[in-house]
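The structure under discussion appears below in the form of structure tokens.
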Amino acid sequence: MLAKSLNHLISKFKGLMPCQLCGLDPQQAHSLCHDCWHDLPWFNQYIQRRHCRILAACCYRFPIDRIIHQYKYEQQLHYQTVLKHCLLHLALPQVDAVVAMPISRQRLVQRGYNQMQIIAQSIAAQHQLALWQPVIRTAQHSQKGLSRLERLQAIDKQFQIKASEYRRYQRVLVLDDVVTTGSSFAAMQQALQRLGCTQIELACIAVASPKIR
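Right under this line is the structure:
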């Protein structure tokens, strides 16, 4: 009862706050006003990347590109709400656990947080799902100057599974922020298959240069 009342008060308070983009009209649950939310570069379709079928919420264009960049690199954590709701706007499949795309320890120390872990945790809690992190990512180095094949091979080597997590969950949803080549998703999918996952769903907030297949 107390939690319900608290959520109601929070909802009313948010309705008095301005939109996080235009700063003019009142924000809704997703932290934007009606018009700014409607005008996001929605995509809401599947794309095909490296044998991966990925559900994408938006195209990586203004203003979603700016929102993601500021959330990811400039500690603008208040944007997690709108980014979470972009994913919730999708028809997400039924799964047993949510998995955030892992980042290396080096990146975690530099940034201070895994941007997708925060969002995945919120989505998992909202849907009463497990938050699962069975894959470790080793050092992420710059891929500038590498050929496409070299980039793909380098990413494949970055993902290491935790053997103790074998077959803990079989239906999982993997979340990431931006997809370009799909290399990270492909490597993550292979790692989860080695862990015994039989249904691996992939979703992202935005896709760069989408090609529908």
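Residue numbers (the numbering used here): 1281 to 1493.
Backbone N, C-alpha and C define an ideal beta-carbon position, used for all residues, glycine too.
In this text, all values refer to a predicted model and were calculated from it rather than measured experimentally.
- Secondary structure at Y1340: coil, using DSSP grouped into helix, strand and coil.
- V1389 sits in a helix when the DSSP states are folded into three classes.
- Taking C-alpha positions only, R1387 is separated from A1419 by approximately 8 Å.
- For D1456, the beta-bridge partners assigned by DSSP are C1484.
- In this structure, the beta-carbon distance from V1459 to W1412 does not fall below 7 Å.
- Restricting attention to A1405, A1410 and K1352, the CA atom closest to the CA of Y1393 is found in K1352.
- Annotation: V1362 is outside any beta strand (DSSP E); the continuous alpha helix (DSSP H) that includes it extends over Q1360 to L1368.
- P1343 and H1318 have their C-alpha atoms spaced approximately 12 Å apart.
- Remark: fewer than three beta-carbon pairs, one from each stretch, lie closer than 8 Å, so the segment 1433-1440 and the segment 1398-1411 are not flagged as touching.
- Membership of I1327 in the beta strand (DSSP E) is indicated by the continuous run W1322 to R1329.
- Under the 10 Å beta carbon count, M1381 is surrounded by 16 or more other beta carbons and is classified as buried.
- In the three-state reduction of the DSSP assignment, A1410 falls in the strand class.
- In the displayed model, I1416 falls within a strand according to three-state DSSP.
- Its Cα nearest to that of M1468, the residue R1330 stands out among C1313, R1330 and C1302.
- Closest by C-alpha distance to Q1401, out of V1389, L1304, L1363 and P1321, is L1363.
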